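Below is one structure, written out as structure tokens, with a few remarks after it.
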């Protein structure tokens, strides 16, 4: 079992190392991740949302529906934990 | 060769951490150990996302100006904020999944009185469930 | 980037990750996971992701460790591997 796990892990690592070939280098300002929508955020966020912290501006203003969905996820997890761990009363299933 | 390794060192770190986490998830028998491996794995992914947003010589994405000036902002001097936003969401969701997993683990312990995977499978085979 | 700090942090992170999955005592493993989370958040602060580091320090290392300790205290502390 452990040997199979080790082989699977090493194969996955080899695949990932093969994939690193195409990634941009460390600290590249023109990498694909920072060249499409993020310059727009950096340039316009302060003017449009009056928040100096760009991360907060994007989190709570541009992508506020995303954050609302996140709170729904946390709420569902809390309800799930409560339902799973509650003490059962007599004669009640679940 | 050394230059190539150093210029992409963040990827090596994340690959090593990911392999550690994946090995713990597959190879370890204890269920809490599997969960710890999952946490390591998630941190590795978040490290990957944070590290692709880094720009060399840039500062944190908080503007130091007054906020309503119309001077041009140099994009290359601020770190890409988008991966940070996505990873904030990912951290909170990862804690939610960890909580649900731990609740499930407590239920498993109440039913089988053990947390070792092989013992649970043995008990299930003996009772025919 | 301060490469010495980066190197030390990466080294500590990998040591903590390996220790957390190899310790037999589950409570010790959980505490080492908390230390791993804090080292991770130091690394992110060093990469400039201050908001992510805040969230990880409070949610990942704080609440996560508390949840793990609660679960371990309700179940068994010893592990076979």
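Residue numbers (our numbering), protein chains in the order written: chain U, 1 to 94; chain P, 1001 to 1129; chain S, 2001 to 2081.
For each residue, glycine too, the CB sits at the ideal point set by N, CA and C.
All values reported here derive from a predicted model rather than from experimental measurement.
Examine the Cβ distances between the stretch 1046-1064 of chain P and the stretch 2023-2039 of chain S and report whether three or more of them are shorter than 8 angstroms.
no
From the DSSP output, which residues share a beta bridge with residue 1062 (chain P)?
Residue 1062 (chain P) has U:53 as its beta-bridge partners, per DSSP.
Please state whether DSSP places residue 30 (chain U) in a helix, a strand or coil.
Here residue 30 (chain U) sits in coil by DSSP.
Listing by chain order, which chain P residues have their CB less than 7 angstroms from the CB of residue 2071 (chain S)?
1102, 1105, 1106
State yes or no: is the C-beta of residue 1033 (chain P) within less than 8 angstroms of the C-beta of residue 1024 (chain P)?
yes
Please state the DSSP three-state secondary structure of residue 2077 (chain S).
coil
Give me, in chain order, the residues of the same chain whose beta-carbon lies closer than 7 angstroms to that of residue 1076 (chain P); leave out the 5 immediate sequence neighbours on both sides.
1055, 1058
Would you mind working out which of P:1041, P:1073, P:1001, P:1086 sits nearest residue 1098 (chain P), comparing C-alpha positions?
P:1041
Starting from residue 22 (chain U), trace the alpha helix (DSSP H) both ways and give me its first and last residue.
It is not in any alpha helix (DSSP H) - residue 22 (chain U) carries neither H nor E in the DSSP assignment.
Could you give the DSSP three-state label for residue 1080 (chain P): helix, strand or coil?
coil
Rounded C-alpha distance that separates residue 2054 (chain S) from residue 1093 (chain P)
15 angstroms
Please tell me whether residue 31 (chain U) has its Cβ less than 8 angstroms away from any Cβ of chain P.
yes
Is residue 2025 (chain S) helix, strand or coil when you go by DSSP?
Correct three-state label for residue 2025 (chain S): strand.
The alpha helix (DSSP H) with residue 1040 (chain P) in it runs from where to where?
Residue 1040 (chain P) -> alpha helix (DSSP H) spans 1031-1052.
With a threshold of 8 angstroms between beta-carbons, can residue 1097 (chain P) be considered close to chain S, or not?
no
Whole-angstrom C-beta distance between residue 84 (chain U) and residue 1103 (chain P), which should lie under 8 angstroms
4 angstroms
Quick one: complete alpha helix (DSSP H) runs, 4+ long, within the stretch 2005-2073 of chain S?
Taking only runs of at least 4 residues, the alpha helix (DSSP H) segments lying wholly in the stretch 2005-2073 of chain S are 2026-2047, 2050-2055.
Note down, in chain order, all residues in the stretch 47-71 of chain U with a beta-carbon under 9 angstroms from any beta-carbon belonging to chain S.
53, 55, 56, 59
Select from P:1061, P:1095, P:1084, P:1029 the residue whose C-alpha is nearest the C-alpha of residue 5 (chain U).
P:1029
Is the Cβ-Cβ distance between residue 1036 (chain P) and residue 2029 (chain S) less than 8 angstroms?
Taking 8 angstroms as the cut-off, the Cβ atoms of residue 1036 (chain P) and residue 2029 (chain S) count as close.
Is the Cβ-Cβ distance between residue 1063 (chain P) and residue 52 (chain U) less than 8 angstroms?
yes
With DSSP as the reference, please indicate the residues paired to residue 1116 (chain P) in a beta bridge.
P:1030
In whole angstroms, what is the alpha-carbon distance linking residue 10 (chain U) and residue 50 (chain U)?
48 angstroms
Under 8 angstroms Cβ-Cβ, which residues of chain S neighbour residue 1059 (chain P)?
2048
How do the stretch 69-77 of chain U and the stretch 1116-1123 of chain P stand: do at least 3 beta-carbon pairs fall below 8 angstroms, yes or no?
no
Within a Cβ cutoff of 8 angstroms, which residues of the same chain sit near residue 1079 (chain P), ignoring the five residues on either side of it in sequence?
1053, 1054, 1055, 1058, 1059, 1060, 1061
Would you call the stretch 2007-2019 of chain S in contact with the stretch 1009-1023 of chain P, where contact means no fewer than 3 C-beta pairs closer than 8 angstroms?
yes
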